[in-house]
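Asks: Following my numbering from start to finish, the sequence shown increments by one per residue and tops out at 371.
From the three backbone atoms N, C-alpha and C, an ideal C-beta is built for every residue, glycine too.
Since the model is a prediction, treat every value here as computed from it, not as a measurement.
Below are the structure tokens for one structure; questions will follow.
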Amino acid sequence: MAEESPGGRSPAAWFLVPGAMVLLALAGLWRGGGWVWLGVAQLPLLALVDTWLGPDRRPRAPLPSWLADGLLMLQLPLIVALWAVFAWRVGPGAGALAGADWLGLVLSTAFVTAYGALPASHELGHRDDPLRRRVGNLLDTFLLAPYGVLSHNHVHHLKLDTPIDAETARRGQSLYRFMVYMGWNRHLESWRVEAQRLRRLGMSPWSWRSAVWRGFAQYALLLVAVAAVAGARGVALAVLVSVLALLMLTALSYAQHYGLTRVPDSPVRTHHAWNHLYPLTRGGMFEITTHSQHHMDVDVRYWQLTPLPDAPQLPSAWACLLLALVPPLWERLLRRRLDDWDRRYAEGEERRLAAAASAAAGWTPANVEST
1 MAEESPGGRS
11 PAAWFLVPGA
21 MVLLALAGLW
31 RGGGWVWLGV
41 AQLPLLALVD
51 TWLGPDRRPR
61 APLPSWLADG
71 LLMLQLPLIV
81 ALWAVFAWRV
91 GPGAGALAGA
101 DWLGLVLSTA
111 FVTAYGALPA
121 SHELGHRDDP
131 LRRRVGNLLD
141 TFLLAPYGVL
151 SHNHVHHLKL
161 DTPIDAETAR
171 RGQSLYRFMV
181 YMGWNRHLES
191 WRVEAQRLRR
201 LGMSPWSWRS
211 AVWRGFAQYA
221 LLLVAVAAVA
231 GARGVALAVL
241 VSVLALLMLT
251 ALSYAQHYGL
261 TRVPDSPVRT
271 HHAWNHLYPL
281 TRGGMFEITT
291 HSQHHMDVDV
301 RYWQLTPLPD
311 APQLPSAWAC
321 LLLALVPPLW
331 ERLLRRRLDD
341 WDRRYAEGEE
351 RRLAAAASAA
361 AGWTPANVES
371 T
């Protein structure tokens with residue numbers, strides 16, 4: 001395929017991909033047997049097709065706001081249906097699965113939960129109206145992150161690319177180390193943000209009005225629903241699915257700011273985020289990977305975001321996820337890209353911060369390959 005997409009606008013039909021992903025996985029879980037692998041099997045296929053299609057740097061075709069929001073809101077009933085079929089499949093009423101198919105069941109449900117819920121919940125979490133934010137919050141509950149929006153909105157968008165931000169991976173930090181780092185620190189950041197809000201209202205951080213406690217209560221209710229269908233085994237597997245989905249969520253954050261540096265409190269510029277401008281990435285993730293403009297103006301709706309081809313670029317997000325699973329492959333790709341970023345994008349004090357970050361990772365100019 002050609003490296004550059006032709007002129008015109010990118011079809012809005014790509015935004016049907018997230019719903020289709022969930023429906024395919026749901027059908028596989030319903031059929032049982034080897035079909036339960038259908039959800040997670042989408043990942044390598046998406047990576048291959050997305051890479052083959054090549055970058056799509058066109059602006060998006062116009063989309064009515066009611067339809068754009070409807071596609072986001074649709075993800076909630078789809079994820080609920082996915083989990084309902086998962087619980088039924090795990091419970092005593094469904095046919096038995098072969099040993100390996102239990103793994104496929106868990107991996108498929110986790111993968112599709114993460115990439116069916118996360119992009120929609122991210123967009124809805126930036127909205128002002130209670131209904132949309134509530135739907136985003138419920139989607140995050142399946143990801144074991146029902147209050148993660150607190151850290152994301154109040155810390156990440158202010159402190160991105162600095163050591164303070166839990167969603168910015170450091171140079172040399174593997175995906176697996178980052179998963180633990182982000183999971184723990186994002187929780188602490190959310191707790192601190194909510195505690196400050198409650199104190200301003202004259203309440204205790206331990207108040208039942210805390211969004212953190214409500215989040216735990218929501219997840220507990222979800223597990224109660226699973227237990228009613230699938231018993232204790234279903235609850236254990238549901239928690240495992242949520243943990244794996246949360247880890248997959250961190251993989252996307254890992255790829256969007258890995259190794260970038262910014263002087264604290266300096267203006268956010270287009271070079272402070274990696275972009276993945278591929279059709280299945282953009283459509284399948286509701287443009288969350290058109291990331292530079294999102295950070296420049298968080299109020300721009302996903303279907304109105306403008307791809308910026310001159311901003312820092314990475315391959316398909318699906319391909320990046322697979323590469324990140326193998327740290328040596330990921331480091332080889334990103335050391336090249338970051339060397340280019342340091343030379344072409346870093347400004348003033350950022351260059352010193354970048355050099356210090358490379359030194360801390362054990363990357364010296366002599367062993368960093370040029371592009």
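From the DSSP output, read off the bridge partner residues of R199.
Replies: R199 is not bridged to any residue.
Asks: Could you check what DSSP says for S65 in three-state terms: helix, strand or coil?
Replies: Looking at S65 - three-state DSSP - the assignment turns out to be helix.
Asks: Can you say whether A2 is buried or exposed, counting buried as having 16 or more other CB atoms within 10 angstroms of its CB?
Replies: For A2, the pLDDT reaches just 35, beneath the cut-off of 50, and the residue's location in the model is therefore unreliable, although a value from the coordinates is still provided. A2 is exposed by the Cβ-count criterion.
Asks: Got a sec, what are the start and stop residues for the alpha helix (DSSP H) A227 sits in?
Replies: First-last of the alpha helix (DSSP H) with A227: 211-257.
Asks: Between the Cα of Y373 and the Cα atoms of D340, A145, L48, which residue gives the shortest distance?
Replies: Residue 373 is absent from the model: the chain starts at 1 and stops at 371.
Asks: If you run the structure through DSSP and keep just helix, strand and coil, what is S204?
Replies: Three-state DSSP puts S204 in coil, outside helix and strand.
Asks: Please give the ranges of any alpha helix (DSSP H) in the stretch 292-345, keeping only runs that are unbroken, at least 4 residues long and fully inside the region.
Replies: Correct list: 317-324, 327-344.
Asks: Express the C-alpha separation of M21 and Q42 in angstroms, rounding to a whole number.
Replies: For Q42 and M21, the distance between alpha carbons rounds to 8 Å.
Asks: G234: buried (16+ other C-beta within 10 angstroms of its C-beta) or exposed?
Replies: Label assigned to G234: buried.
Asks: Are the beta-carbon atoms of V36 and L29 separated by less than 7 Å?
Replies: Going by C-beta atoms, V36 is nearer than 7 Å to L29.
Asks: So, for A84: in the same chain, excluding its five sequence neighbours on each side, which residues have a beta-carbon less than 7 Å away from its beta-carbon?
Replies: Contacts found: none.
Asks: I want to know whether the stretch 344-356 touches the stretch 260-270 - three or more CB-CB distances under 8 Å.
Replies: Taking 8 Å as the limit for Cβ pairs, the verdict is that the stretch 260-270 does touch the stretch 344-356.
Asks: For R192, list the residues DSSP reports as bridge partners.
Replies: Its beta-bridge partners do not exist; DSSP assigns none.
Asks: Skipping 5 residues on each side, what residues in its chain have a beta carbon closer than 7 Å to that of F111?
Replies: Closer than 7 Å at Cβ, skipping near neighbours: G39, V40, L43, M248.
Asks: In three-state DSSP terms, what is R282?
Replies: Three-state DSSP puts R282 in a helix.
Asks: So the candidates are L222, L223, L221, E194; which of them puts its Cα closest to the Cα of R209?
Replies: If we check each option's Cα against that of R209, E194 comes out closest.
Asks: Kindly indicate which three-state DSSP category R132 falls into: helix, strand or coil?
Replies: R132: helix per DSSP, three-state reduction.
Asks: Could you tell me how far apart the beta carbons of A61 and A230 are, in whole angstroms, since I believe they sit closer than 8 Å?
Replies: Their Cβ separation, rounded to whole angstroms, is 42 Å, which puts A61 and A230 out of contact at 8 Å.
Asks: Counting pairs of Cβ atoms below 8 Å between the stretch 220-229 and the stretch 294-309, do you hit three or more?
Replies: Output reads no: the stretch 294-309 does not touch the stretch 220-229.
Asks: Report, in whole angstroms, the separation of the C-beta atoms of L398 and S190, which I expect to be a contact under 8 Å.
Replies: Past the boundaries of the shown model lies residue 398; the chain is included only from 1 to 371, so the question cannot be answered.
Asks: Short of 6 Å in beta carbon distance, which residues of its chain neighbour P309, apart from the five on each side in sequence? Order them along the chain.
Replies: R57.
Asks: So, with DSSP's three-state summary, where would you put S174?
Replies: Here S174 sits in coil by DSSP.
Asks: Within 8 Å, do at least three Cβ pairs link the stretch 176-188 to the stretch 153-166?
Replies: Yes, the stretch 153-166 touches the stretch 176-188.
Asks: Is the beta carbon of S316 within less than 6 Å of some heavy atom of the ligand NAD?
Replies: As for the ligand NAD, it is missing from this structure, which has no ligand bound.
Asks: So L124 packs on V106, CB below 8 Å; how close in whole Å?
Replies: At roughly 26 Å, the Cβ-Cβ gap does not stay under 8 Å, so L124 and V106 are not in contact.
Asks: Return the CA-CA distance between H257 and T109, expressed in angstroms with no decimal places.
Replies: Each residue's Cα considered, the two are about 27 Å apart.
Asks: Quick one: grab the DSSP three-state call for S10.
Replies: Here S10 sits in strand by DSSP.
Asks: Could you tell me which residues DSSP pairs with N185 in its beta bridges?
Replies: Note: N185 sits in no beta bridge, so no partner.
Asks: Can the beta-carbon of A12 be found less than 7 Å from the beta-carbon of L63?
Replies: Closer than 7 Å, so yes.
Asks: Give me the DSSP bridge partner(s) of R262.
Replies: None, per the DSSP bridge assignment.
Asks: Based on Cα-Cα distance, which residue from W14, V239, G34 lies nearest to T141?
Replies: Per the Cα distances, V239.
Asks: So, for Q313: in the same chain, excluding its five sequence neighbours on each side, which residues have a beta-carbon less than 6 Å away from its beta-carbon?
Replies: Excluding residues within five positions, the ones whose Cβ falls inside 6 Å are N275.
Asks: To the nearest angstrom, how far is the alpha carbon of P315 from that of L26?
Replies: Between P315 and L26, the C-alpha separation is close to 28 Å.
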